[in-house]
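Structure first, commentary second.
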Amino acid sequence: MQKKTRTRISPRVSMPMRDAVERGRMFSEVALGYSQEQAVAEAGRCLQCKKPTCIKGCPVDVDCKSFIRMVARKDLKGAFAKIKETNSLPAICGRVCPQENQCEKTCKLRPTGQPIAIGRLERFVADNYYARTSCEEETGGEACSVVDESRKVAAIGSGPSSLTLAGYLAANGVKVSVFEALHSPGGVLLYGIPEFRLPKSVVQREIDSLKNLQVDFLCNYVGGMSVTLPELFQQGYKAVFLGVGAGLPRFMKLPGESLIGVYSANEYLTRVNLMYGYKFPEYDTPVPPGKNVVVIGGGNVAMDAARTALRLGAERVRVVYRRTKGEMPARQEELEHALEEGIELEILSSPLSFHGDDQGVLNKVVLQRMELGKPDESGRRKPEPIEGDTFSLETDLAIMAVGTGANMVLTQTTPELKLNQRNYIWADPETGETSMNMVFAGGDIVTGAATVVEAMGAGRRAAREILRRLEG
Amino acid sequence: MGIIIQKRALIPKRVTEMTVKAPVIASKARPGNFVVMRLHMKGERIPLTIADADPEKGHIVIVYLVMGKTTALLDTMNEGDAILDICGPLGRPTRIEKKGTVACVGGGTGIAALHHIAKGNFQVGNKVVSVIGARSKDLLLFKPELEKISHQVLVSTDDGSLGHKGLVTEVLKEYLERDPEVKEGIGVGPVPMMRAVAEVAQPFGIRTLVSLNSIMVDGIGMCGSCRVNVGGEIRFACVEGPEFEASQVDFDELMMRLQAFRSQEKKSMELFEKKELL
Numbered sequence: 016m017q018k019k020t021r022t023r024i025s026p027r028v029s030m031p032m033r034d035a036v037e038r039g040r041m042f043s044e045v046a047l048g049y050s051q052e053q054a055v056a057e058a059g060r061c062l063q064c065k066k067p068t069c070i071k072g073c074p075v076d077v078d079c080k081s082f083i084r085m086v087a088r089k090d091l092k093g094a095f096a097k098i099k100e101t102n103s104l105p106a107i108c109g110r111v112c113p114q115e116n117q118c119e120k121t122c123k124l125r126p127t128g129q130p131i132a133i134g135r136l137e138r139f140v141a142d143n144y145y146a147r148t149s150c151e152e153e154t155g156g157e158a159c160s161v162v163d164e165s166r167k168v169a170a171i172g173s174g175p176s177s178l179t180l181a182g183y184l185a186a187n188g189v190k191v192s193v194f195e196a197l198h199s200p201g202g203v204l205l206y207g208i209p210e211f212r213l214p215k216s217v218v219q220r221e222i223d224s225l226k227n228l229q230v231d232f233l234c235n236y237v238g239g240m241s242v243t244l245p246e247l248f249q250q251g252y253k254a255v256f257l258g259v260g261a262g263l264p265r266f267m268k269l270p271g272e273s274l275i276g277v278y279s280a281n282e283y284l285t286r287v288n289l290m291y292g293y294k295f296p297e298y299d300t301p302v303p304p305g306k307n308v309v310v311i312g313g314g315n316v317a318m319d320a321a322r323t324a325l326r327l328g329a330e331r332v333r334v335v336y337r338r339t340k341g342e343m344p345a346r347q348e349e350l351e352h353a354l355e356e357g358i359e360l361e362i363l364s365s366p367l368s369f370h371g372d373d374q375g376v377l378n379k380v381v382l383q384r385m386e387l388g389k390p391d392e393s394g395r396r397k398p399e400p401i402e403g404d405t406f407s408l409e410t411d412l413a414i415m416a417v418g419t420g421a422n423m424v425l426t427q428t429t430p431e432l433k434l435n436q437r438n439y440i441w442a443d444p445e446t447g448e449t450s451m452n453m454v455f456a457g458g459d460i461v462t463g464a465a466t467v468v469e470a471m472g473a474g475r476r477a478a479r480e481i482l483r484r485l486e487g
Numbered sequence: 004m005g006i007i008i009q010k011r012a013l014i015p016k017r018v019t020e021m022t023v024k025a026p027v028i029a030s031k032a033r034p035g036n037f038v039v040m041r042l043h044m045k046g047e048r049i050p051l052t053i054a055d056a057d058p059e060k061g062h063i064v065i066v067y068l069v070m071g072k073t074t075a076l077l078d079t080m081n082e083g084d085a086i087l088d089i090c091g092p093l094g095r096p097t098r099i100e101k102k103g104t105v106a107c108v109g110g111g112t113g114i115a116a117l118h119h120i121a122k123g124n125f126q127v128g129n130k131v132v133s134v135i136g137a138r139s140k141d142l143l144l145f146k147p148e149l150e151k152i153s154h155q156v157l158v159s160t161d162d163g164s165l166g167h168k169g170l171v172t173e174v175l176k177e178y179l180e181r182d183p184e185v186k187e188g189i190g191v192g193p194v195p196m197m198r199a200v201a202e203v204a205q206p207f208g209i210r211t212l213v214s215l216n217s218i219m220v221d222g223i224g225m226c227g228s229c230r231v232n233v234g235g236e237i238r239f240a241c242v243e244g245p246e247f248e249a250s251q252v253d254f255d256e257l258m259m260r261l262q263a264f265r266s267q268e269k270k271s272m273e274l275f276e277k278k279e280l281l
């Protein structure tokens, strides 16, 4: 770069483009961006003028000369910082600025007809910096392997286990496609956990970070229905990860459980979280109103449902749990937050029946008083009914947060998958591999409802094994 | 995303047929399957039965009754417009096997959903007897389409403007009395009609299915909104249905649960009609 050969000016490095006929029918981006080699070659053409004129051409004073020098030296971080000194939106400017009328117009090489492709370099710096940042976010390491499109892995479901797997594999140069049945990715992080505990923007940031690592998200694809496992292998995927969750809500088989006003926590939370029902009628999906709310269950989902009901205008919210406060499976912090907000506990009680008016609208729940007996298999003292001691609560909204079962969409269309006794997918605890070769599974669909981080652990274990197989 | 290829008013302002480009769904759709659609970013998810599918063209056909805000909005969309999200195929497909004569009973908009099931039966070589009914001749859907794939099409109208004057189940009963070869019955239509199909078919001892239209949110077995009582058990219409053994279905409960959001649905529709909502 320092050699100033005025006699021969090499032509600009051309930008890879999508085929014109193909792209004319799709909205995928036309220009594909420089590779590192192309960017370094283009930056190497810069004369590094003593009195640069390119900067004068830029409405936001980007120090083109300096950042280009850094690109030539492969100092991506420095180049990004330099651009960011004056320009907040480099990835955007690199795409939509009319550089030919700005920096590239005032470039000293302009008279040769081959000015430095400053816009393309700016785009390169921004895109690659974001990808590297994502790489750091995913792996803690600075450089991620270049994604090799021929090493493809599919993940079904886009909850925490699949996202973790996708991050691990993408950072190691594996192309990952995540198939999601709903219209947005995130799984339980999106439909289950409420905004006040996990803002959707936080989930989105993680997903965007994965997109920067070239992870594809395909929404509205139902694993087992719109795409089957054999088809994925036919399409060239080398491995498939099943992270479809344990979303099937449980009910208690009690009289009146189908009355209008009795909902699963999943339905209630999905209407609010995924569908933005709290903004009805601006958003189309209604949420059942409740002034006097009863939530059945003592886990985090029960706390989420109770606190959501409070925020939607409930005057009174009671959490009904069959053991005592000390045995509640909810996180201590969630329980404390709920109590601070005014949620009441109705411990040592369990519903017996729901009652409604002649329109089938819930107005009362009858409960059984319980006492703690001897410890059961879980080591917790078993709740036992106190004979004859029942009571009732008036309520217009009862939310059942009594656990979930295996989602059956994939398993009922894939009979080859071995299940365990509880109808969850059987997977090798070490590798995550199922009874099908190169099909892995992890998260709630293997363990039953558990925590986000346990699902992530399973995603990571499976990713490590998949990588080992791809490389071995 | 699904581009609307063709829109056809079957009953103006009331029932519309749309052909939608959805190649993946079209290649997989089997009789009895449905899709869930969301029209816009603030939209709700609604289930619609797949009335027909052409895997070669990559098209599916849906038929809807304009009955709430989302279907009213859908009805303002035209050929070339895109449906934001279309997910499917969903639900367990109809179990279709060669078994002899099958009575396919449809009422109202349900006739469209019935069409795909009747077609599947016809294609495996069953004798298809379609029994369809509507309030009047002008409101009777899919008769020409069914004639192509049925050995016989029997019609009833409430006002007698075409076929038997009276209920579709009266025609069904009369046919079942006449033809002892009927091996299976399937009913798709309004809940009272499906209930009547169950009652009429019961004494003849033939396996009879009905396709239930309960309220859904996700359509993939996650929320339990669509739960129905079948044989005293809670079943999820989206992943265990939508078809169930007719004699086992608690139709009263289904009717009741379909009313769960009536006041909000009304409010949404009113605002839409006043153009205060998209």
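So the sequence lines, in the order shown, correspond to chains A and B. For the first sequence, our numbering begins at 16 and goes up steadily by one. For the second sequence, our numbering begins at 4 and goes up steadily by one. Backbone N, C-alpha and C fix where the C-beta goes; we use that ideal spot for every residue, glycine too.
B:Met197 is outside the set of residues whose beta carbon lies under 8 Å from a beta carbon in chain A.
Ranking A:Ile275, A:Cys79 and A:Glu486 by CA distance to the CA of A:Asp372 puts A:Ile275 first. If you check the CB distance, A:Asp391 and B:Thr73 do not come in under 8 Å. Between B:Glu248 and B:Leu212, the beta carbon gap of about 6 Å places them in contact (Cβ cut-off 8 Å). A:Leu197 belongs to the set of residues whose beta carbon lies under 8 Å from a beta carbon in chain B.
Cβ neighbours of B:Ser30 within its own chain (closer than 6 Å, five residues either side excluded): Pro58. For A:Asp299, the neighbours in chain B by C-beta distance under 8 Å run, in chain order, Lys45, Gly46, Glu47, Lys72, Thr73 and Ser271. Just so you know, the alpha carbons of A:Ala170 and A:Val75 end up roughly 43 Å apart. Taking A:Gly109 as reference, the option from A:Val193, A:Asn143 and A:Arg135 with the minimal CA-CA separation is A:Arg135. Near chain A, meaning a CB-to-CB distance below 7 Å, the residues of the stretch 215-244 of chain B are Val220, Asp221, Ile223, Gly224, Met225, Cys226, Gly227, Ser228, Arg230, Asn232, Ile237 and Val242. The CB of B:Ala263 comes closer than 7 Å to the CB of Ile275 in chain A, given here in chain order. Excluding the 5 residues flanking it on each side, B:Pro92 has same chain C-beta neighbours closer than 6 Å at Ile28, Lys31, Ala32 and Asn36, in chain order. With fewer than 16 other Cβ atoms from the protein chains shown falling within 10 Å of its own Cβ, B:Gly83 counts as exposed. Among the bridge pairs identified by DSSP, A:Met415 is matched with A:Ser279 and A:Ile311. Chain-order list of chain A residues neighbouring B:Ile28: Ser241, by C-beta distance under 8 Å. Its chain contains Thr19 and Val69 as the residues whose beta carbon lies nearer than 7 Å to that of B:Asp78, once the 5 sequence neighbours on both sides are disregarded; these appear in chain order. At a cut-off of 8 Å, the C-beta of A:Gly474 has no neighbouring C-beta in chain B. Residue environment analysis places B:His62 among the buried positions, since at least 16 neighbouring C-beta atoms fall within 10 angstroms of its C-beta. Residue A:Leu184 holds the alpha-carbon nearest to the alpha-carbon of A:Glu164 among A:Val302, A:Leu184, A:Glu356 and A:Ala146. Restricting attention to alpha helix (DSSP H) runs no shorter than 4 residues, the stretch 97-123 of chain A encloses them at 105-111 and 118-121, ordered along the chain. The C-beta of B:Glu256 comes closer than 8 Å to at least one C-beta of chain A. B:Ala12 is classed as exposed because its beta carbon has fewer than 16 other beta carbons within 10 Å across all chains shown.
Shown in chain order are the members of the stretch 173-198 of chain A whose Cβ falls below 7 Å from a Cβ of chain B: Ala196, Leu197 and His198. With three or more CB-CB distances shorter than 8 Å, the stretch 218-229 of chain A counts as touching the stretch 134-153 of chain A.
Taking the beta carbon of B:Asp88 as reference, the chain A residues within 8 Å of it are His198, Cys234 and Asn235, listed in sequence order. Under a 10 Å Cβ-count criterion, A:Glu359 is classified as exposed, with fewer than 16 other Cβ atoms of the shown protein chains found around its own Cβ.
In chain order, Ala106 and Gln155 place their CB closer than 6 Å to the CB of B:Val132, counting only its own chain and leaving out the 5 sequence neighbours on each side.
For B:Gln155, no Cβ of chain A is located within less than 8 Å of the residue's own Cβ. For a Cβ distance threshold of 8 Å, residue set Val220, Asp221, Met225 and Cys226 of chain B lies close to A:Thr285, ordered along the chain. Using a CB distance below 7 Å, the part of the stretch 78-110 of chain B facing chain A consists of Asp88, Ile89, Cys90, Gly91, Pro92 and Leu93, ordered along the chain. A straight-line Cα-Cα distance of about 7 Å links B:Gln205 and B:Ser250. In the three-state reduction of the DSSP assignment, A:Phe139 falls in the helix class, which pools H, G and I. Per the DSSP secondary-structure output, B:Thr52 pairs in a beta bridge with B:Phe37.
In this structure, B:Val134 sits near B:Val108, with a CB-CB distance shorter than 8 Å. A distance below 8 Å separates the beta carbons of A:Glu282 and B:Val220. Under the three-state reduction of DSSP, A:Cys150 is assigned to helix.
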